[in-house]
Amino acid sequence: MAYELNAKIRGLSPYDPIDGGYRVRLDANESFLQPDAGLRASLLEAAASVAPNRYPDPLATELCASFAAYYGIRPETVVAGNGSDELISVLMSSFLCKRESVTVLAPDFSMYSFYAGISEANCVTFQKDGDFSVDVDRLIRAVNRSGSRMLVFSNPCNPTSLGLAREETRRLVRSVEALVVLDEAYMDFWDQSLVGEVSGYDNLIVLRTCSKAIGMAGIRLGFAVANPKLTGALKAVKSPYNVNSFTQGIGAAVLRKTEWLRGCTQKILESKRSLHDSLCRISAQRPGRMRVMDGVTNFVTVRMPDAREAYDFLLCRGIAVRCFDGFLRVTAGTASENEEVANGFSAYLNETEGS
Ligand SMILES: *Cc1c(COP(=O)(O)O)cnc(C)c1O
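When we follow my numbering, the leftmost residue of the sequence shown carries the number 2, and every step to the right adds one.
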């Protein structure tokens, strides 16, 4: 018998981040900061106290309490996930029935439409304006007209780095007849979160992650925050032991280091500012070649028609950034990484001048 893969997975290939030997990795929006010696000791201690023969706490109670304390919210509103990626996947597959519609924005995080496809949802794409801004009234009309049961988007947005102000987001959530999955993966870098007000909405789920400002991409940890009806449903449909014991222990230990975490966020923001300023200076010397966006995240988005060529040029110099259609996304790194990537842009613009 010749086994045939079904149509929805036949053409897929594994997620393939740039791998291997690039000196400078500014392609995944991770934190460039390593835990200091004190934090490292706490993490080892947390890992050492795990009983690996026992299943983890299915509701990650202590971890959710640490998360809630760090953000000043109620622990009952929190569900932990194996990265926010897992939560996106669970939301798509459980909160939507086959062929129900979900509205996604473009450009935005690619995983939304990926998981929508696997879940056999109907994915409706809302194209942002030419400057990557979101016209909230137009979006509300589009969601309601399409009959979407879900709207998912990142705020601030990956990959544009732009944010939607709180009052606009509130208005959006109040005006759409759909569940809003508000992915705040980068909201540690901005101050317009709705994470503290989920109880005021019956259709809002806020996602957060430990992969960016918290600097823990390697332990795979994300959170969903919502009212009790929604968190209850999410707890019921997720796989029971989705967050392993080591991640629960280490995550709780990290989230208790409030001062350290706030310090990291500030350092990352300073790095972003300095990267942004150097790229702006380079751009100003060569008018018309690239446009550096003013964003509110830990990365800088650079629009250029020849993004692909610039990307290849940087890769040849051992510098990995992320390439999109007509723009590049550069994660803020250490001072020397930022300098390297800025020099790379400069060299690229020089070498391709007038061509
Ligand atoms: C990085 C990122 C995530 C994080 O995913 P994890 O699975 O928690 O690492 C989620 N959403 C967006 C928009 C991101 O950029």
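Even glycine gets a Cβ: it sits at the ideal position worked out from N, Cα and C.
Since the structure is predicted, the reported quantities are computational estimates derived from the model, not experimental observations.
- As for any alpha helix (DSSP H) of minimum length 4 sitting wholly inside the stretch 215-286, the runs are 229-238, 246-256 and 259-286, ordered along the chain.
- By the 16-neighbour rule on beta-carbons within 10 angstroms, Val-238 is exposed.
- Here the alpha carbon of Gly-84 sits roughly 20 angstroms from the alpha carbon of Pro-53.
- Excluding sequence positions up to five before and after Asp-136, its CB lies within less than 7 angstroms of the CB of Asp-130, all in the same chain and listed in chain order.
- Around the C-beta of Leu-13, fewer than 16 other C-beta atoms lie within 10 Å, and the residue is accordingly described as exposed.
- The distance from the Cβ of Gly-327 to that of Ala-308 is about 6 angstroms, consistent with a contact at the 8 angstroms cut-off.
- Along the stretch 303-333, the beta strand (DSSP E) occurs as fully enclosed runs of 3 or more residues at 323-325 and 328-332, listed in sequence order.
- As far as DSSP is concerned, Ala-166 takes part in no beta bridge.
- When the Cα atoms are used, Ala-8 and Val-255 turn out to be separated by approximately 42 angstroms.
- The C-beta distance from Ile-320 to Leu-27 rounds to 7 angstroms, short enough to meet the 8 angstroms contact threshold.
- Between the C-alpha atoms of Pro-288 and Glu-354 there is a straight-line separation of about 11 angstroms.
- The Cβ atoms of Pro-76 and Tyr-242 do not sit closer than 8 angstroms to each other.
- Spatial neighbours of Thr-248 in its own chain (CB-CB distance under 7 angstroms, excluding positions within 5 residues in sequence) are listed in chain order as Ile-220, Arg-221 and Leu-222.
- DSSP, reduced to helix, strand and coil, places Arg-26 within a strand of the structure shown.
- A Cβ-Cβ distance of about 5 angstroms is found for the pair Val-199 and Val-226, placing them in contact under the 8 angstroms criterion.
- The distance from the Cβ of Met-294 to that of Leu-163 is about 7 angstroms, consistent with a contact at the 8 angstroms cut-off.
- Selection Thr-161, Arg-171 and Leu-262 evaluated against Thr-332 yields Thr-161 as nearest (Cα-Cα).
- Here Arg-142 carries a helix assignment [DSSP, helix/strand/coil].
- Taking the Cα positions, Leu-152 is about 12 angstroms away from Ala-107.
- Shortest gap from the CB of Ala-218 to any heavy atom of ligand 1: under 7 angstroms.
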